[in-house]
Every structure is written in C-alpha cells, then in structure tokens.
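Residue numbers (our numbering), protein chains in the order written: chain D, 1 to 251; chain H, 1001 to 1268.
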C-alpha cells in the first residue's frame, strides 16, 4: 500500500514538474509555431474520422434507448432535448478525450519513450535543447487549439446520429423539425461551452500524461509497450475521475 | 536560473577538472573518489572493463548525471550548470550514435544550428556539406539512420557533434562493435580532429589499441576507482597485476586456480 502511494505521488510529482518546465519555456512558443501546426495536423488527422464515426453511433444509440422508453409514455418529443444535453455536456467531451488518449496519447508516449530508450532525448540535452520545449510545449498548445474543434464536431455529429434514428426507426418516427426544436428549446449556449471546457481540460492532461509517461521511460525497448499501456490507462482514469468533479462544479 | 558563466575565448579548448567525484544510484555507489584533470587540447582516454563506471563518468562530465559528492568543473565552471556546457559547446558522441531516426543524415547535422539559429540556412548548408565531406559522408546526406552501417552511424554522430563547433568533445566507446579497419579509421579521425580543431577530447573506451594510439594521457577504472593513471606507456608499464591482465589478457598473470587444477589435477 505504501509502495502504491509512493508510486502515485512520484508520478503525480513528475507530471507537475514537467508542466512547470513546459511553462518555463512558454516565451519560446513563437519559435515553435511550425511544430504546433504540425501537431495540430497530426491530432486532427488521427482523431477526426474516428470521432465522427463514434459520435454518430453514440447519438444514434442514445436516441434508440430513450426513444424506446419515451414512446411507451408518448413523450417522443423529448428525445431531442435528452440527446442534445447528454451529448453536449457529457458524452462528446468524454468520448473525444478517450479517443484522444487511445489514438494520439498512445502514439505520443510511444514516440517519446522510443526517443528516450534510444538516447535521442539525451542527445537533445547534450545539444543544449530542452526536450520539454520542442516535444511537449508544442503538443500541449496544439491540443488546446484542436480539442474545442474536435469536441464541437463530436457534439454536432452525435446530435445528427440521434436525429437519423429518431426519424427513420419505425417505432419512434419523430420528424426532424420536432427533434431539432426539442433540442434547441432545452439547450443553452452554456451547455455547449461546459462540454467544450471539459474537453479542453481532458485533452490537455491526456497529452501531458502521455508526454510524462514517454519521457519517464527507463530501460530497454520492452518498456516502450508498458509505457504506452500506462499512458492510456492513466489517461482514461484521469478523464473519468476529473469528469465527476468538473460536472459537480458546473451543475 | 543560475548565472551564465563568464566565457573565456570562443575558440580555445577547455580544461576539465574532476575532484573527489562520487556518483551513487540509491544505495549503490558507482564511482568512488575520482580525481583527474584534462588539459586544454588534450586527448584523454578513460579505460576500463565493462561495468567499471566509464560511461557514468562520461555522463557526469557532460552534465547528464549529477555527482553525489565532489565536483566537475569545465574552465572553472560547475558542470552541473547547463549554461556551462552551452558556453563551451560541449558535445557527446554516443556509443550507439543516438541519431534522430526520423530525420535524414543532413537534417541530423543541421538540427543544432537550426534550433539555436546560429547561422542562416545557406551557411548551415555550407557547414553541413563541409563536415560531411570531412568525414567522407557526402553520399549519405539523404539517407536515414536506419539505412546506415554501424561505422557510418558513428561517423554521422561525430559529424553531428562537429557541426556544433565544440570546445570539448566527449566520445563514448567510439570503436565498439566496429571491424578493425573501421575502428582504425575512427581513431584516425579522432586524432586528426584534435590536430585540426584543437578541441579538448575525452574518450571512453575499452579498446586498448585505440587508447595506445590516440591518448596523450589516460586513466584505468576498475569497479569505479582509478587504478592507474598517466601516459599510455606509464599505465602499460604499471606492475599492477590487474592492469597487466587488462592489457594482456592472453598472459596469465594471476595464475587462476582453476587453470592450475586443470594442468595438475589434485590427487583424490
């Protein structure tokens, strides 16, 4: 138990220290803009298609489940509002962050861990170049720029998935007009911004954890795989853990 | 932020001083009471068998590891301060090269001047081209590290260090895993670089031929302690049995018991 607590605190401390080092290099950001653009492209390229597919089916399944229950009460008109709120406030930011951890977080950890194992990180240090400046800072800035777009995209596609099911599944048969009116009547701009804020927080820390796990890798090539697994698992636990507290603060 | 050390001349080789150095990892002490001095422009070789602490010593000299006790200074400045290394442009040639695998050979060499903006792109192109020519690597410029042989990787690693225009150049096992011809080429390169660039060089190796051919002075490490120091001839002539065993493993200095028992099996 003591060892687990020690490891947890050690890992937490390493993440905080890494964040501190990244912030120290913030004045060098203008010279890292090329890398920021490159990482924006990579994050978008890796995540947008899968976020689209997943979000569509999440919205669709949500509409199917709620539609089945609500049609027995004759309250299908509320499907839009239920799908709208659930997707915007909860499902879109959480699922997008999960996908980010799985696709981008794992690739980031694998890349940095491999650079660490094959001494490329040491080589950078001996060339008087801080890895935090060129490998971590641009990634964190990139995820802050891309995450709102990804979450917004996920929200919209999720709503669309709900509408398709509500319209074309025979036992629901809700017209698109009623679906969208129901959704808009219950939704406020704050619901969407709350979702975007969540996505931003999740994305930032998922990439910070991924970078920390990569840079903390020691030993041989076998450790790269372990580091990737740790990165994804810790990232997902972090998302679910903080989600509760952010939701609590937002309500 | 520690203050930047005062720079002496931009192009003079540097002096390295190590005093009572001790390096520990947890409860394990890897280096004990190490003291030596490397004079400006000298080629100083650190020798010893595997596990004797050579690479740990080298990583401490370049500031990748912090001493537990004692001090390392470069031109009088603390080697733990990254700015000391930045000021003297110390460079390390890694044992396995540590080349950036996602970059071509050309981009590996151009990485330092681009990141530090020490020159414009045209000047970088000229400098990289000259360095590639110096090490006979002109035809490898567009290749990636995975496409290179072991000897070429070592030469690219040396070339990448040279582009930094270092005043202190450290080599970690520069001839390991190379055939004798390539090892001789690398030792020639190290010698000629000192002659041409007047750089202070510290070479870690367990290659006796390399040490004898290039070293001005050397130390021999064993289990983290210096067991012999001086010119290669002085170290070679040392009467210590362990040193003789290291330089002449074919001579059975200590007459291990198992050999004696093989030649004269004990009577039961």
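All C-beta atoms, glycine included, are put in the ideal place defined by N, C-alpha and C.
In the DSSP assignment, find the beta strand (DSSP E) that holds residue 1031 of chain H and state where it starts and stops.
Residues 1028-1038.
For residue 200 of chain D, which of D:242, D:54 and D:76 has the nearest alpha-carbon?
With distances taken between Cα atoms, residue 200 of chain D lies closest to D:242.
Looking at the C-beta of residue 216 of chain D, does it have a partner C-beta in chain H at a distance below 8 Å?
It does not; no Cβ of chain H falls within 8 Å.
Helix, strand or coil: which one does DSSP assign to residue 33 of chain D?
Note: residue 33 of chain D maps to helix in three-state DSSP.
Residue 119 of chain D touches chain H at which residues, Cβ-Cβ below 9 Å?
Within 9 Å Cβ-Cβ: 1094, 1095, 1096, 1097 and 1098.
In chain H, which residues lie with their C-beta within 9 Å of the C-beta of residue 129 of chain D?
Chain H residues near residue 129 of chain D: 1111, 1112, 1115 and 1116.
Can the beta-carbon of residue 1076 of chain H be found closer than 8 Å to that of residue 1145 of chain H?
Result no, Cβ atoms of residue 1076 of chain H and residue 1145 of chain H do not sit closer than 8 Å.
Assuming the contact rule is C-beta atoms closer than 8 Å, residue 98 of chain D and residue 207 of chain D should be a hit. Round their C-beta distance to whole Å, please.
Actually they are not in contact, since the Cβ atoms of residue 98 of chain D and residue 207 of chain D sit about 14 Å apart, beyond 8 Å.
Measuring only between beta-carbons, confirm whether residue 126 of chain D sits less than 8 Å from chain H.
Chain H contact via Cβ: present.
With distance defined between alpha-carbon atoms, name the residue in H:1150, H:1020, H:1143 and H:1169 nearest to residue 1185 of chain H.
Checked all of H:1150, H:1020, H:1143 and H:1169; the closest Cα to residue 1185 of chain H is H:1150.
According to DSSP, simplified to helix, strand and coil, what is residue 231 of chain D?
Three-state DSSP puts residue 231 of chain D in a helix.
Could you give the C-beta distance for residue 1092 of chain H and residue 1062 of chain H, rounded to a whole number, given that I count them as a contact under 8 Å?
About 5 Å separates the two Cβ atoms, so the contact holds.
With respect to 7 Å, is the separation between the Cβ of residue 1077 of chain H and the closest non-hydrogen atom of the ligand FAD below this value?
Annotation note on the ligand FAD: not contained in the displayed structure, which lists no ligands.
Reducing DSSP to helix, strand and coil, say where residue 1072 of chain H ends up.
Three-state DSSP puts residue 1072 of chain H in a strand.
Give the DSSP bridge partners of residue 202 of chain D, in chain order.
Answer is none; residue 202 of chain D lacks a bridge partner.
Note the first and the last residue of the continuous beta strand (DSSP E) segment covering residue 1171 of chain H.
Its beta strand (DSSP E) spans residues 1168-1172.
With a threshold of 8 Å between beta carbons, is residue 123 of chain D in contact with chain H?
It does; some Cβ of chain H falls within 8 Å.
Could you give the C-beta distance for residue 112 of chain D and residue 20 of chain D, rounded to a whole number, given that I count them as a contact under 8 Å?
At roughly 18 Å, the Cβ-Cβ gap does not stay under 8 Å, so residue 112 of chain D and residue 20 of chain D are not in contact.
If you drop the 5 nearest sequence neighbours on each side, which residues of the same chain put their C-beta closer than 7 Å to that of residue 255 of chain D?
Summary: the structure shown does not reach residue 255 of chain D, with chain D confined to residues 1 through 251, and so no result is reported for it.
Our contact map puts residue 91 of chain D next to residue 58 of chain D with C-beta atoms below 8 Å; I'd like the distance itself, whole angstroms only.
With 8 Å as the limit, residue 91 of chain D and residue 58 of chain D qualify as a contact, their Cβ atoms being about 5 Å apart.
So with CB distances below 7 Å, who are the chain D contacts of residue 1062 of chain H?
Ordered by position in chain D, the residues that pass the 7 Å Cβ test against residue 1062 of chain H are 126.
Buried or exposed: residue 173 of chain D, going by 16 or more other Cβ atoms within 10 Å of its Cβ?
When all chains shown are included, residue 173 of chain D counts as exposed.
Between which two residues does the beta strand (DSSP E) harbouring residue 1271 of chain H extend?
Not covered by the structure: residue 1271 of chain H. The range shown for chain H is 1001 to 1268.
For residue 257 of chain D, does the three-state DSSP call read helix, strand or coil?
As displayed, chain D neither begins before 1 nor continues past 251, which places residue 257 of chain D out of reach and without an answer.
Look at the alpha carbon of residue 1050 of chain H and the alpha carbon of residue 1206 of chain H, and state the distance between them as a whole number of angstroms.
Distance between the alpha carbons of residue 1050 of chain H and residue 1206 of chain H is about 8 Å.
Near residue 1259 of chain H, what residues of its chain come up, given a Cβ to Cβ distance below 6 Å and the 5 sequence neighbours on each side ignored?
Because residue 1259 of chain H carries a pLDDT of 40, less than 50, the predicted location of this residue cannot be relied on, and the following value inherits that uncertainty. For residue 1259 of chain H, where only same-chain residues beyond five positions count, there are no Cβ hits under 6 Å.
Is it the case that the Cβ atoms of residue 100 of chain D and residue 225 of chain D are separated by a distance below 8 Å?
No. Outside cutoff.
At 8 Å on the CB atoms, spell out the chain D contacts of residue 1164 of chain H, in chain order.
Those are 127, listed as they occur along chain D.
With three or more C-beta pairs closer than 8 Å as the rule, is the stretch 139-154 of chain D touching the stretch 1103-1123 of chain H?
The stretch 1103-1123 of chain H vs the stretch 139-154 of chain D: no contact.
Just to confirm the assignment, what range does the alpha helix (DSSP H) spanning residue 1214 of chain H have?
1208-1214 is the extent of the alpha helix (DSSP H) around residue 1214 of chain H.
Measuring alpha carbon to alpha carbon, tell me which of H:1036, H:1204, H:1023 and H:1048 ends up nearest residue 1094 of chain H.
For the residues H:1036, H:1204, H:1023 and H:1048, the minimum Cα distance to residue 1094 of chain H belongs to H:1204.
From the DSSP output, in three-state form, read off residue 11 of chain D for me.
Note: residue 11 of chain D maps to helix in three-state DSSP.
Which residue from H:1173, H:1225 and H:1226 puts its Cα closest to that of residue 1201 of chain H?
It is H:1173.
Cβ closer than 9 Å: which chain D residues qualify as neighbours of residue 1079 of chain H?
Within chain D, no residue comes near residue 1079 of chain H; the closest Cβ sits about 12 Å away, beyond 9 Å.
What three-state label does DSSP hand residue 1091 of chain H in the structure shown?
Note: residue 1091 of chain H maps to strand in three-state DSSP.
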